[in-house]
Amino acid sequence: MEDKKYSGAGNKFVMLNNLDGQFSDYEKVVKEKVELHKEIDGVIFLESSRKADYKMNYYNKDGTGNALCGNGLRCTAGFIFDEGLSGNHSLLIEAVNEVYRVNRLNNGIYSVGFPPPKVFNPDVPLTVNTSGWWISINISYVDVGSPHAVIFNNEVNSSHFKDIDNMDVDMIGRVIRNHKDLLPEGANVNFIEIQEEFLKIRSYERGVEGETLACGTGALSGAFSAFAKYGIEPPIKLLTRSGDILEVNFNFDNGFKNIELSGPAKRYI
0 MEDKKYSGAG
10 NKFVMLNNLD
20 GQFSDYEKVV
30 KEKVELHKEI
40 DGVIFLESSR
50 KADYKMNYYN
60 KDGTGNALCG
70 NGLRCTAGFI
80 FDEGLSGNHS
90 LLIEAVNEVY
100 RVNRLNNGIY
110 SVGFPPPKVF
120 NPDVPLTVNT
130 SGWWISINIS
140 YVDVGSPHAV
150 IFNNEVNSSH
160 FKDIDNMDVD
170 MIGRVIRNHK
180 DLLPEGANVN
190 FIEIQEEFLK
200 IRSYERGVEG
210 ETLACGTGAL
220 SGAFSAFAKY
230 GIEPPIKLLT
240 RSGDILEVNF
250 NFDNGFKNIE
260 LSGPAKRYI
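Positions 0 to 268 (numbering that gives the first Met the number 0) are the ones given, in order, by the sequence shown.
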């Protein structure tokens, strides 16, 4: 049977229907799918849930699990609708012990409701050391179900950060992802350039151990940080590396509330 592959703003997954429990050795299956489809960032198992309509069981391409994937939630909803498993335009999907509402909008766009971040610290100093240079930076540290470091490139006085389109995201992202102050869990790393109409974002994802074309929870983290540090009001648009736009909306009243992440999700060949 042909594998069904989905892209959430460029974040790519193999989707597997596991409602009958046919897959149990997750790491083995993930390894097989990653070897077969080298472009994917992870594998999503659609499973039954006792507290939602369905459960998204997400694994990174390195076989690690138990992390939230915002783009994966939208792709899971798209997969459910495409497979004829639900006729509703709104679904409850369980992921990492939380329940998320996903709404199908128009033209392949889906929105996901999120709870407030578990941790939000907009000003964490780090010293970044590479083999050739070092620099002190400030990150925002955000945990929205997966941990994120957010760096605004305009704040960093280094030529390595000035050109977001051509910076070495894999090299710098790897150093920050494995920074001693962020261990043992590590963090996904997001680089942001503020532009007039949107935030340009590039993301290094742990578990992929490299740059991905989009990161949904990274977009959330970047939007929260832009609001807190620069007063950028929602809805906040983020231009991903794929060229697709993710949009983050929320209210702020002694904390982030009514959080929504919207963006495309579609099957690809």
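No residue lacks a Cβ here, since even glycine has one placed at the ideal position from N, Cα and C. In this text, all values refer to a predicted model and were calculated from it rather than measured experimentally.
With contacts defined as CB atoms closer than 8 Å, Y203 and K4 fail to qualify as a contacting pair.
Per DSSP, R240 lies in no beta strand (DSSP E) and is assigned neither H nor E. Straight through space, the alpha carbons of P124 and A148 are spaced by roughly 11 Å. Between I231 and A225, the alpha-carbon positions lie close to 6 Å from each other. With respect to the C-alpha of E154, the residue from R205, D169 and I138 having the closest C-alpha is I138. For the pair I191 and F151, the CB atoms are nearer than the 8 Å cut-off. A direct Cα-to-Cα measurement between L18 and E26 gives close to 18 Å. For L219, the three-state secondary structure derived from DSSP is helix. Within the DSSP secondary-structure output, D142 pairs in a beta bridge with V118 and P146.
Counting the other CB atoms within 10 Å of its CB gives K54 a total of 16 or more, which places it among the buried residues. If you check the CB distance, L237 and F197 come in under 8 Å.
Listed as beta-bridge partners of K54 by DSSP are E46 and E93. Under the DSSP assignment, V155 falls outside any beta strand (DSSP E); it carries neither an H nor an E label. If you draw a straight line from the Cα of V98 to the Cα of G254, it comes to about 20 Å.
Residue pairing by DSSP puts K199 in a beta bridge opposite E192 and L238. Residues V168, D169, G172, R201, S202, Y203, E204 and R240 of the same chain have their beta carbon placed closer than 8 Å to that of E210, with the five preceding and five following residues left out of the count. As the crow flies, the alpha-carbon of I193 is around 45 Å from that of G20. For R73, the closest of S47, Y229 and A8 by C-alpha to C-alpha distance is A8.
Selection V207, G144 and K161 evaluated against V33 yields V207 as nearest (Cα-Cα). With contacts defined by Cβ atoms closer than 8 Å, V141 and P116 form a contacting pair. The beta-bridge partner set that DSSP reports for V13 consists of K4 and V42. According to the DSSP assignment, F22 belongs to no alpha helix (DSSP H), since it is labelled neither H nor E. Sequence-distant partners of I134 (beyond 5 residues in either direction) whose C-beta falls short of 6 Å from its own C-beta, in its chain, are V127 and S157.
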